[in-house]
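Visitor:
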Amino acid sequence: MSFDMSQFYQVFFDESEEHLAAIEAILLRIDPAAPPAEGIAEIFRAAHSIKGSAATFGFDDMATLTHAMENLLDRVRKGELALQRGMVEAVLAACDVLRAQLDAHRGSAGAADPQAAAVALARLQACGEVPAAPPPQGGHGDGLELNFVLSRVVAGSEVLIDSLFDALGELGEVRTLSRPPADAADGVWTLALRGCAAEERVRAALDLFVEPGTLEIAALAAPSAAAAMQPLPGEEIAADGSYGFFLPAPQPAALDDVPPVSPPASPPVAAEEGGRERTGTGHSIRVGVDKVDQMINLVGELVITRSILQEAANVVDPALAERLLAGLGLLERNTRELQESVMAIRMVPISRVFSRFPRLVRELADSLGKEVELVLAGEHTELDKSVVERVADPLTHLVRNALDHGLEGPQERLAAGKAARGRLSLSARHEGGQIVIEVADDGRGLDRQRVLARARASALPVDEGMSDAELWQLLFLPGFSTAESVSALSGRGVGMDVVRHNVDALGGSIELDSVDGVGTRVVVRLPLTLAIMDGMTVAVGRETYVLPLAQIVESLQVDAEAVHRIGGVARMIRVRGEYLPVVALGERFAVPGAERDWLRAIMVLVEAGGRRAALMVDALLGQQQVVIKSLETHYRRVHGFSAATILGNGEVALIVDVGALVDASRVQAELAA
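Counting from 1, one number per residue, gives the positions in the sequence shown under our numbering.
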């Protein structure tokens with residue numbers, strides 16, 4: 001009976017990504033001069049896991065590369081080689097190639113470059129060519145060959161066989177040369193044990209596992225020059241190249257375009273150190289994102305259904321429908337708990353994005369000749385997986401910009417009275433219903449006059465009276481750049497406009513603050529989720545809009561003394577000593593029949609990006625959960641609105657982009673002043 005493993009491909013892809021991330025994180029954290037043993041052991045196990053799984057699925061290119069990586073790490077782990085910076089760079093380069101190969105097998109990218117794989121393989125092999133330490137005297141220098149028959153108790157227990165490999169793994173590197181068929185309990189096992197020359201220790205380790213009198217120990221012949229790919233201990237290689245415990249699986253369609261990798265020169269033999277990797281008994285399972293998305297969509301439909309029922313219940317006499325209303329209250333509570341539980345499944349830490357920056361910063365700093373200290377904070381802050389995936393590119397560009405434009409070289413910093421080492425910080429935190437991500441540096445900052453000069457050279461309408469906040473917004477225009485020259489990193493005016501576009505597409509906002517000679521700070525604000533939110537429905541004329549509840553501060557009515565005008569144009573209200581610009585939604589969106597009298601209208605005070613404004617509406621209709629429906633699927637981005645939703649009465653309501661309206665009101669007020 002064939003065993004279809006195609007269903008497990010995604011598990012392999014996800015686990016391999018995690019292993020590669022772990023390898024990079026550990027290598028960037030440790031000191032090559034004094035690497036911790038547990039750190040080397042961890043990256044060795046990660047490489048081993050990728051190799052074994054890749055070989056099982058038939059991804060020979062990945063298996064070949066991770067096999068070389070594993071061999072190198074194994075020698076470092078055993079103390080035969082000292083970890084050096086060149087080794088670290090070789091392993092990191094191999095991780096890049098493995099990611100490309102992984103994307104190719106996943107079908108999300110074209111075929112991986114075989115030349116890059118060959119170069120990475122050669123670098124790993126070259127790092128491992130340093131002569132090994134001489135073997136201990138008085139034994140078999142090349143290792144031992146072990147032949148034995150397992151006791152009947154051990155032969156019938158995979159757990160005990162694992163224990164045998166664990167015991168031998170503590171003495172050296174274990175390779176399975178041959179094993180009896182599964183139904184032959186008295187068959188002969190043949191193992192190779194390298195790194196151990198003391199027969200007494202081997203006999204003591206195997207004493208409890210083998211039949212008395214069956215253990216034979218001999219010197220191990222020298223290995224062939226070409227190492228082959230091996231399965232895990234206790235597994236076999238069939239005539240068709242598959243492992244004994246698994247039948248060959250069909251290849252995914254995405255592999256058709258991937259060039260084949262040349263097979264090893266010598267026939268493969270079963271081998272691995274330390275025994276078969278055990279399957280843990282953890283309390284978690286892997287679930288495909290598509291299944292989680294389906295659950296979220298169903299919860300969204302449930303929220304809409306609940307709103308429809310609530311809308312219908314509002315016209316029923318409470319005295320006649322007491323049980324109905326009680327049931328709706330229970331449904332609302334259960335729906336909210338269900339929604340929160342399902343959304344929590346999609347929440348992942350932003351460390352998934354932050355973890356890529358230590359290496360990026362190190363490599364770019366080296367190429368630019370700069371000394372940079374990277375400080376990460378709030379790495380465990382969680383947000384929706386879809387947001388994490390789409391925010392990676394904007395943050396990468398901001399980090400590259402800070403390294404190239406913001407931070408100075410050591411000599412320039414010393415001349416300015418700063419420390420030679422620059423500081424770049426990335427932080428994340430929750431603020432209301434949003435996540436706030438900051439990218440800050442203590443570099444040269446922005447020169448106001450230089451930005452003005454570039455703006456005039458680009459024929460942009462600017463003047464000396466512009467505020468810094470207005471001026472910095474020019475940096476997000478297409479084609480605008482303050483770089484003196486074009487480099488491999490920047491200077492072409494492409495990037496910051498794309499950053500803003502990507503952030504806007506997520507329903508977020510971005511702001512920039514800079515002080516000449518002190519540094520620059522970029523703040524990105526994003527919604528925690530793109531699926532469901534709490535909103536306040538408001539009436540404007542005959543239209544109904546939704547305001548994100550997390551951005552509402554309060555609502556009130558004002559008297560004539562609180563209303564002020566600036567320059568005869570911009571209107572503001574004074575609330576507890578603070579002057580706030582007003583956006584009349586009826587005028588802004590040209591809604592017929594909207595309230596125009598400021599004294600009868602409702603002022604909803606909102607906050608976005610640290611700034612406040614008042615939105616003028618006719619009435620507050622109520623608070624409810626709404627399902628977010630993207631507008632950009634069918635329309636271009638509509639200024640002033642971030643999305644839409646379906647109300648309980650079946651009508652479509654637009655969700656107001658509070659951040660965009662607050663920014664527009666502030667600009668209008670500053671121009672009027």
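Glycine included, each C-beta is placed from N, C-alpha and C at the ideal position. Here the structure is a predicted model, which means the values were calculated and not measured.
Contact check, GLY381 vs ARG429 under 8 Å by CB: the rounded distance?
Guide: For the sequence presented, residue 381 should be read as Thr rather than Gly. Indeed they touch by this definition, with Cβ atoms about 6 Å apart.
Visitor: For GLN557, which of helix, strand or coil comes out of DSSP?
Guide: Coil.
Visitor: What do you reckon, are the CB atoms on ARG123 and ALA155 nearer than 9 Å?
Guide: Not closer than 9 Å, so no.
Visitor: Tell me where the alpha helix (DSSP H) around HIS105 begins and ends.
Guide: It spans 85-106 - the alpha helix (DSSP H) in which HIS105 sits, taken as one unbroken run.
Visitor: Tell me which same chain residues have a C-beta within less than 6 Å of the C-beta of ARG444, skipping the five on either side of it?
Guide: For ARG444, where only same-chain residues beyond five positions count, the Cβ hits under 6 Å are GLU408.
Visitor: Take SER178 and list the residues in its own chain whose beta-carbon comes closer than 6 Å to its own, dropping the five residues that flank it on each side.
Guide: Counting only Cβ-Cβ distances below 6 Å, and skipping sequence neighbours, we find THR190.
Visitor: Tell me where the beta strand (DSSP E) around LEU383 begins and ends.
Guide: Note, LEU383: beta strand (DSSP E), 382-384.
Visitor: For HIS430, list the residues DSSP reports as bridge partners.
Guide: Note: HIS430 sits in a beta bridge opposite ILE435.
Visitor: With H, G and I counted as helix, E and B as strand and the rest as coil, what does DSSP make of HIS564?
Guide: Strand.
Visitor: Of the residues GLN624, ALA218, ALA104 and ARG85, which one's Cα is nearest the Cα of LEU146?
Guide: Of the candidates GLN624, ALA218, ALA104 and ARG85, the one whose C-alpha sits nearest the C-alpha of LEU146 is ALA218.
Visitor: Tell me whether ASP442 is buried or exposed, calling it buried when 16 or more other Cβ atoms sit within 10 Å of its Cβ.
Guide: Classification of ASP442: buried, given that the 10 Å Cβ count is 16 or more.
Visitor: Cutting at 8 Å between CB atoms, please list the residues of its own chain near PRO349, excluding the five before and the five after it.
Guide: Only GLU379, HIS380, THR381 and GLU382 meet the Cβ criterion.
Visitor: LEU193 and GLU216: beta carbons closer than 9 Å?
Guide: Not closer than 9 Å, so no.
Visitor: So, for ALA324: in the same chain, excluding its five sequence neighbours on each side, which residues have a beta-carbon less than 8 Å away from its beta-carbon?
Guide: Before going on, a small fix: residue 324 reads as Leu here, not Ala. Closer than 8 Å at Cβ, skipping near neighbours: ALA313 and VAL316.
Visitor: Go ahead and pull the three-state DSSP assignment for ALA344.
Guide: In this structure, ALA344 counts as helix in the three-state DSSP scheme.
Visitor: With DSSP as the reference, label PHE59 as helix, strand or coil.
Guide: DSSP places PHE59 in coil when its eight states are reduced to three.
Visitor: Using DSSP's beta-bridge definition, name the partner residues of VAL372.
Guide: Paired residue(s): GLY422.
Visitor: Helix, strand or coil: which one does DSSP assign to TRP598?
Guide: In the structure shown, TRP598 sits in coil (DSSP, three-state: anything other than H, G, I, E or B).
Visitor: Span of the beta strand (DSSP E) holding SER178?
Guide: Start and end: 173-178.
Visitor: Using the C-alpha atoms, what's the distance from ALA68 back to ALA531?
Guide: If you take the alpha carbons of ALA531 and ALA68, they lie about 44 Å apart.
Visitor: With which residues is THR537 paired in a DSSP beta bridge?
Guide: In the DSSP output, where bridge partners are listed per residue, THR537 has VAL546 and GLY622.
Visitor: Reducing DSSP to helix, strand and coil, say where LEU324 ends up.
Guide: LEU324: helix per DSSP, three-state reduction.
Visitor: Quick one: residues in its chain with C-beta nearer than 6 Å to the C-beta of GLY519, no 5 flanking neighbours on either side, listed in chain order?
Guide: Excluding positions up to five away in sequence, the list reads ASP441, ASP442, GLY443 and GLY445.
Visitor: Which of the three DSSP states, helix, strand or coil, is assigned to THR661?
Guide: In the sequence under discussion, the amino acid at residue 661 is Leu, which differs from the Thr named in the question. Correct three-state label for LEU661: helix.
Visitor: Give me the Cα-Cα distance between SER242 and PRO180, rounded to the nearest whole angstrom.
Guide: Annotation note: pLDDT 37 at SER242 (below 50); position unreliable, coordinate value reported separately. One C-alpha to the other measures close to 17 Å.
Visitor: Using the three-state DSSP reduction, which class does VAL316 fall into: helix, strand or coil?
Guide: It is coil, neither helix nor strand.
Visitor: Out of ASP290, LEU338, LEU556 and MET572, state which residue places its alpha-carbon closest to the alpha-carbon of ARG306.
Guide: For ARG306, the nearest C-alpha among the options comes from LEU338.
Visitor: Between ILE437 and LEU526, is the Cβ-Cβ spacing less than 9 Å?
Guide: The answer is yes: Cβ separation under 9 Å.
Visitor: Does DSSP put ALA25 in a helix, a strand or coil?
Guide: Three-state result, ALA25: helix.
Visitor: CB-CB under 6 Å to VAL499, same chain, minus the five flanking residues each way: which ones, in chain order?
Guide: Once the five neighbours on either side are set aside, the close Cβ partners of VAL499 are PRO394 and HIS397.
Visitor: For GLY593, does the three-state DSSP call read helix, strand or coil?
Guide: In this structure, GLY593 counts as coil in the three-state DSSP scheme.
Visitor: Are ILE514 and PRO581 touching if we call contact CB-CB under 9 Å?
Guide: Looking at the sequence shown, residue 514 is not Ile but Ser. Cβ distance not < 9 Å, so SER514 and PRO581 don't count as in contact.
Visitor: Would DSSP call LEU255 helix, strand or coil?
Guide: Reliability of the predicted coordinates at LEU255 is poor, the pLDDT of 35 falling under 50, and no value is obtained from them.
Visitor: Can you name the start and end residues of the beta strand (DSSP E) that VAL583 belongs to?
Guide: That run of the beta strand (DSSP E) goes 578-584.
Visitor: DSSP beta-bridge partners for THR214?
Guide: DSSP output for THR214 lists no bridge partner at all.
Visitor: Where do the ends of the beta strand (DSSP E) carrying LEU615 lie?
Guide: LEU615 -> beta strand (DSSP E) spans 611-617.
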